[in-house]
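Encoded as structure tokens, the structure appears first; notes follow it.
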Amino acid sequence: GENVEQHPSTLSVQEGDSAVIKCTYSDSASNYFPWYKQELGKRPQLIIDIRSNVGEKKDQRIAVTLNKTAKHFSLHITETQPEDSAVYFCAASRLYAGGTSYGKLTFGQGTILTVHP
Amino acid sequence: DTEVTQTPKHLVMGMTNKKSLKCEQHMGHRAMYWYKQKAKKPPELMFVYSYEKLSINESVPSRFSPECPNSSLLNLHLHALQPEDSALYLCASSPIGASSYEQYFGPGTRLTVT
């Protein structure tokens, strides 16, 4: 099955700095890579995702890059703010099609991001 | 309605009790999921329902019994649980078509087994 490795496990930055979190995956059939943000006691929230036919995607201060050959993808947060502090999970999935579409997410172990004011 | 809801928010149960967790969505999603999340760990997939049919069971013990009575509702029936089953139980759903990959999570039920 799929295996997703995520680094670093903790990341501490000053407000305004950039933060980068990296993930690698093992299954070459995976074709969807979401990132979730989970604040303490809250639900995981989908913040950005990328599909295997795209190399980079950006949404305001957040960007994700994908290198299919090397099987790794990264989350980039620029101009970090204290409210970005949370646990971030990467995940990999492939779509099971044939009339019963669903995805099977395999998560990385998470990165605790702390942004100091 | 644009979110997944779960009830109850918290549940404390003894090892001999029977209880149920409920998940609901009214977004027209046809895939629904149960995940288990222990503290400081990622969510782990338990079950997937697609079009109200069980599509994936990740070798979950039979003391957890899922049910999908209709396209909006997903239940998880609990019986004879162990203390190590204490965790946050998350429900998620995903749409059909090109966005089938995207899973949206409910707030979870925090379960404590005593």
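So the sequence lines, in the order shown, correspond to chains F and U.
Residue 599 is where the first sequence starts when you use the numbering used here, and the numbers rise one by one after that.
Residue 22 is where the second sequence starts when you use the numbering used here, and the numbers rise one by one after that.
Don't be surprised by glycine CBs; every beta carbon is placed ideally from N, CA and C.
No experiment lies behind these values; they were computed from the predicted model shown.
Under 9 Å between the Cβ atoms of residue i and residue j?
i: U:Ser-114; j: U:Tyr-54; result: yes
i: F:Phe-705; j: U:Glu-65; result: yes
i: U:Gln-27; j: U:Leu-111; result: yes
i: U:Glu-24; j: U:Gln-46; result: yes
i: F:His-714; j: F:Val-611; result: yes
i: F:Thr-622; j: F:Ala-668; result: yes
i: U:Gln-132; j: U:Met-34; result: The identity of residue 132 of chain U in the sequence shown is Leu, whereas the question assumes Gln. Result yes, Cβ atoms of U:Leu-132 and U:Met-34 sit closer than 9 Å.
i: F:Arg-649; j: U:Tyr-70; result: no
i: U:Pro-116; j: F:Arg-641; result: no
i: U:Met-67; j: U:Pro-87; result: yes
i: F:Val-685; j: F:Ile-645; result: no
i: U:Ser-76; j: F:Tyr-700; result: yes
Going by C-alpha to C-alpha distance, which of the options sits closest to residue i?
i: F:His-592; options: F:Asp-647, F:Leu-703, F:Asn-601, F:Pro-715; result: Because chain F spans 599 through 715 in this model, residue 592 of chain F falls outside it and cannot be assessed.
i: F:Thr-608; options: F:Lys-702, F:Arg-692, F:Phe-687; result: F:Phe-687
i: U:Ser-83; options: U:Gln-124, U:His-98, U:Leu-94; result: U:His-98
i: F:Ala-661; options: F:Ser-616, F:Pro-642, F:Arg-692; result: F:Ser-616
i: U:Tyr-125; options: U:Phe-68, U:Cys-89, U:Met-48, U:Met-36; result: U:Met-48
i: F:Gly-708; options: U:Leu-109, U:Ala-60, U:Glu-79, U:Pro-104; result: U:Ala-60
i: F:Lys-620; options: F:Tyr-700, F:Asn-665, F:Lys-640; result: F:Asn-665
i: F:Val-692; options: F:Val-611, F:Tyr-623, F:Asn-629; result: The sequence given here has Arg at residue 692 of chain F, not Val. With distances taken between Cα atoms, F:Arg-692 lies closest to F:Asn-629.
i: F:Val-618; options: F:Lys-702, F:Ser-672, F:Glu-603; result: F:Ser-672
i: U:Ser-107; options: U:Pro-116, U:Cys-89, U:Tyr-122, U:Thr-130; result: U:Thr-130
i: U:Pro-104; options: U:Met-36, U:Cys-89, U:Lys-30; result: U:Met-36
i: F:Glu-654; options: F:Gln-604, F:His-670, F:Asp-625; result: F:His-670
i: F:Thr-678; options: F:Gly-599, F:Pro-606, F:Glu-613, F:Gln-604; result: F:Glu-613
i: U:Phe-85; options: U:Leu-94, U:Tyr-56, U:His-31; result: U:Tyr-56
Starting from residue i, trace the beta strand (DSSP E) both ways and give me its first and last residue.
i: F:Ile-710; result: 709-714
i: U:Lys-43; result: 39-46
i: F:Tyr-623; result: 617-623
i: F:Leu-609; result: 608-612
i: F:Glu-603; result: 602-605
i: U:Thr-130; result: 130-134
i: U:Leu-32; result: 31-34
i: U:Gln-124; result: Run containing U:Gln-124: none; DSSP gives neither H nor E here.
>> As an exercise, report each continuous alpha helix (DSSP H) stretch of at least 4 residues that is fully enclosed by the stretch 625-695 of chain F, in chain order.
In response: none
> Taking the runs of the beta strand (DSSP E) that are 3 residues or longer, which of them lie wholly in the stretch 49-109 of chain U?
Replying inline: 52-58, 65-71, 74-78, 85-91, 94-100
> Just checking, does the stretch 86-106 of chain U make contact with the stretch 31-44 of chain U on the three C-beta pairs under 8 Å criterion?
Replying inline: yes
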